[in-house]
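Keeping their order, the protein sequence lines are chains A and B. The first sequence begins at 1 in the working numbering and counts up one residue at a time. The second sequence begins at 1 in the working numbering and counts up one residue at a time.
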Amino acid sequence: MRKQVSVLMMVGVILAATPAFAHHSFAAEYDINKKVTMTGVISKIEWTNPHTYYYLDVTGSDGKVVTWALEGFPPSSLTRIGWKRDTIKVGDKVTVVAFLSHDGSHRANGREYTLPNGRKLLAGASQAGGR
Amino acid sequence: MSVTVSRVSATAVALVALVALAADVDTQSRLRRTAGGRPDLSGVWCRPGCGLELLPEGGELVTGTIAGNRAAPQAPNPNAPERPQYLPGILENRPPPPTNPVLIGCMPPTVPGVTGSPFPFEIVQTPTRIYILYEIQHWFRIIPVGKRFEDTDPGYMGDAVATWDGDTLVIDVVNFNDQVSMGHGATQHVVERYTPSADGKSIAYTATVSNPRTLVKPYTTRLRLDRHSDRVREYECTENNQDAPHLMPEKPGAR
């Protein structure tokens, strides 16, 4: 927690220095060095602000299902890059490239989605900034 | 042969004419002006790429990997914004979050930070008021032209007045509250300048921030703003703010 607070305070310093910010920085919550690819079935969608969340049920090699919460751009930003509320539906099987959270929970920044038809879309924050 | 040459020449002349016509059309793209002769800044604006500058066209991956879509390392930018130099002890003794207007807690962005949001905003310009409607957190500013409001309280966005310096809209902001500028909003002074390009397609934005209680000297931050094709859309920060419990040290989401 202490480390996260430090990051947060640094964000505040940066905000004061430059007019460029968002809801939170990528680095405050996610680790750019922990990139994973996961395939599963969408079990829930939250088309919400300040972030969208796609919940992905991933079945492990032991047969256990783990639900990952994948954070993404807010609806307005996704809309501007071609997404619609129903671009991905509950039950769709998708592959997601994501960056894991620092805290080791089943949360990640869902960066790149491969849709059932093979189409690839971006949905998550870049390493340079968050939303 | 001569016929062929003539045809070629005629085609060349036509092409030159088309190029000239295109150039003429381009040069006719001019900054709109109001009936009073001021630049008309009304419209939707956003920083270049609107925060999505790292994404390829349309947001769809054309070729494979994430790494291929990262921005290449940039050379030092001579026009990079200045960094504030704080007086000794200011950073160490600043009020801890969430007393500061940390965005994770959906607190209001202040000036000039709100201008650099990766979400668009709309300027509505009238002779007596400048309205700025920000997508992020639904914030807005109502800025009188020529004379400040008289009955104001210190606020996150301060107390502003707009004037014109030639074609530059100047917004002078004071009267920030104690949640701003590390507890020293009362002594903060921000001067924003919005200078439209000759074609009206962009604005050179600068904001000079001074605060004798926190800064060694004033600093100026700069940003280009582009006209944006989309409208301002809904953005409600508290709707599903799952970040607060992870990133705020106390009373997540309470502010």
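From the three backbone atoms N, C-alpha and C, an ideal C-beta is built for every residue, glycine too.
Got a sec: is the Cβ-Cβ distance from residue i to anything in chain A below 7 Å?
i, result
"C46(B)", "no"
"E150(B)", "no"
"E236(B)", "yes"
"D226(B)", "no"
"N240(B)", "yes"
"D230(B)", "yes"
"I66(B)", "Per-residue confidence for I66(B) stands at a pLDDT of 26, beneath the threshold of 50, marking its modelled position as unreliable; no derived number is given."
"R233(B)", "yes"
Indicate the three-state DSSP secondary structure (helix, strand or coil) for residue i in the structure shown.
i, result
"R38(B)", "coil"
"V232(B)", "coil"
"C50(B)", "helix"
"L91(B)", "coil"
"R148(B)", "coil"
"I81(A)", "coil"
"T110(B)", "coil"
"F140(B)", "strand"
"S29(B)", "coil"
"A28(A)", "helix"
"G116(B)", "helix"
"S76(A)", "helix"
"G105(B)", "helix"
"Y219(B)", "strand"
"T114(A)", "strand"
"A72(B)", "With a pLDDT of 40 at A72(B), under the threshold of 50, the predicted position of this residue should be treated as unreliable, though the coordinate-derived value follows. DSSP places A72(B) in coil when its eight states are reduced to three."
"D159(B)", "strand"
"Q125(B)", "strand"
"T168(B)", "strand"
"G124(A)", "coil"
"D153(B)", "coil"
"V44(B)", "strand"
"K93(A)", "strand"
"R227(B)", "strand"
For residue i, count neighbouring C-beta atoms within 10 Å of its own C-beta (all shown protein chains included) and say buried if the count is 16 or more, exposed if not.
i, result
"D153(B)", "exposed"
"E112(A)", "buried"
"D243(B)", "buried"
"Q85(B)", "exposed"
"A160(B)", "buried"
"I130(B)", "buried"
"P109(B)", "buried"
"L121(A)", "buried"
"G118(A)", "exposed"
"I142(B)", "exposed"
"S77(A)", "buried"
"F140(B)", "exposed"
"G124(A)", "buried"
"A198(B)", "exposed"
"N33(A)", "exposed"
"R83(B)", "exposed"
Just list the residues that DSSP pairs residue i with in beta bridges.
i, result
"H189(B)", "S210(B)"
"T162(A)", "Given a span of 1 to 131 for chain A in the structure shown, any question on residue 162(A) remains unanswerable."
"G60(A)", "G60(A) pairs with nothing; no bridge assigned."
"Y55(A)", "K44(A) and A69(A)"
"N109(A)", "E71(A) and F99(A)"
"V174(B)", "D159(B)"
"T238(B)", "According to DSSP, T238(B) bridges with nothing at all."
"K35(A)", "F99(A)"
"A204(B)", "T195(B) and R224(B)"
Excluding sequence positions up to five away, which residues of its chain have a Cβ less than 7 Å from the Cβ of residue i?
i, result
"D40(B)", "R32, R33, T34 and Q125"
"H184(B)", "N211, R213 and T214"
"P74(A)", "N49, P50, H51, T52 and R131"
"L223(B)", "R47, T115, G116 and Y205"
With a threshold of 7 Å between beta-carbons, can residue i be considered close to chain B, or not?
i, result
"T48(A)", "yes"
"R80(A)", "yes"
"S43(A)", "no"
"S76(A)", "yes"
"A16(A)", "In this predicted model, A16(A) has a pLDDT of only 39, less than 50, meaning its place in the structure is not dependable enough to derive any value."
"N117(A)", "no"
Which residues in the same chain as residue i place their Cβ atom closer than 6 Å to its Cβ, once the five residues preceding and following it in sequence are excluded?
i, result
"T168(B)", "R193 and T195"
"T208(B)", "V191, P218 and T220"
"Q188(B)", "F176, S181 and N211"
"R85(A)", "W47"
"V65(A)", "D57 and T59"
"T39(A)", "T95"
"P95(B)", "G183"
"T163(B)", "V170"
"D92(A)", "I42 and P116"
Among residues of its own chain, excluding the 5 on either side of residue i, which ones have a beta-carbon nearer than 8 Å to its beta-carbon?
i, result
"W45(B)", "P120, F121, E122, I123, I203, L225, D226, R227 and H228"
"R148(B)", "D159, A160 and V161"
"T65(B)", "For T65(B), the predicted model reports a pLDDT of 25, less than 50, meaning its position is unreliable and no value from the coordinates is stated."
Is residue i close to the ligand ZN? I mean its beta-carbon at under 6 Å from any heavy atom of the ligand.
i, result
"G185(B)", "The model depicted lacks the ligand ZN and carries no ligand whatsoever."
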